[in-house]
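Have a look at the structure below before the remarks.
In my numbering, the protein residues as written are 497 to 595.
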């Protein structure tokens, strides 16, 4: 691989990492072909244990402002957060639509 190709590879990996952080996702860098099976097993395990939630704000303003997002989980319904027991991945900020 030439230096130019290597630089392009690192730039692409950096962009994917940034995109995954901003969107609340995960990035699995794979440098060598031998890493693919382990990476796919990790992705498979995550897909089997994920949940999806949605949110629709009742604020009708369309100012294009950034809004902070926080997710907390109460697994056993006792009214206390169980976040320490879980890995919670989500987008930390969203930008409201701008009219």
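C-beta: ideal position from N, C-alpha, C; glycine also. Given the structure is predicted, the values throughout are model-derived calculations rather than measurements.
Legend entry - Three-way DSSP call (helix, strand, coil) for residue 559 in this model: strand
Legend entry - Distance between beta carbons of residue 509 and residue 525, contact taken as under 8 Å: 6 Å
Inset, instruction - Determine the closest residue to residue 549 out of 558, 565, 537, with distance taken between C-alpha atoms. - result: The shortest Cα separation from residue 549 among 558, 565, 537 belongs to 565.
Legend entry - Bounding residues of the beta strand (DSSP E) (the contiguous stretch that carries residue 527): Note, residue 527: premise wrong, no beta strand (DSSP E); not H, not E.
Inset, instruction - Hey, could you find the ends of the alpha helix (DSSP H) residue 551 is sitting in? - result: No alpha helix (DSSP H) contains residue 551, which DSSP labels as neither H nor E.
Inset, instruction - With DSSP collapsed to three states, give me the class of residue 586. - result: coil
Legend entry - Of the listed residues 560, 569, 559, 529, nearest to residue 580 (C-alpha basis): 569
Inset, instruction - Classify residue 576 as helix, strand or coil using the three-state DSSP reduction. - result: coil
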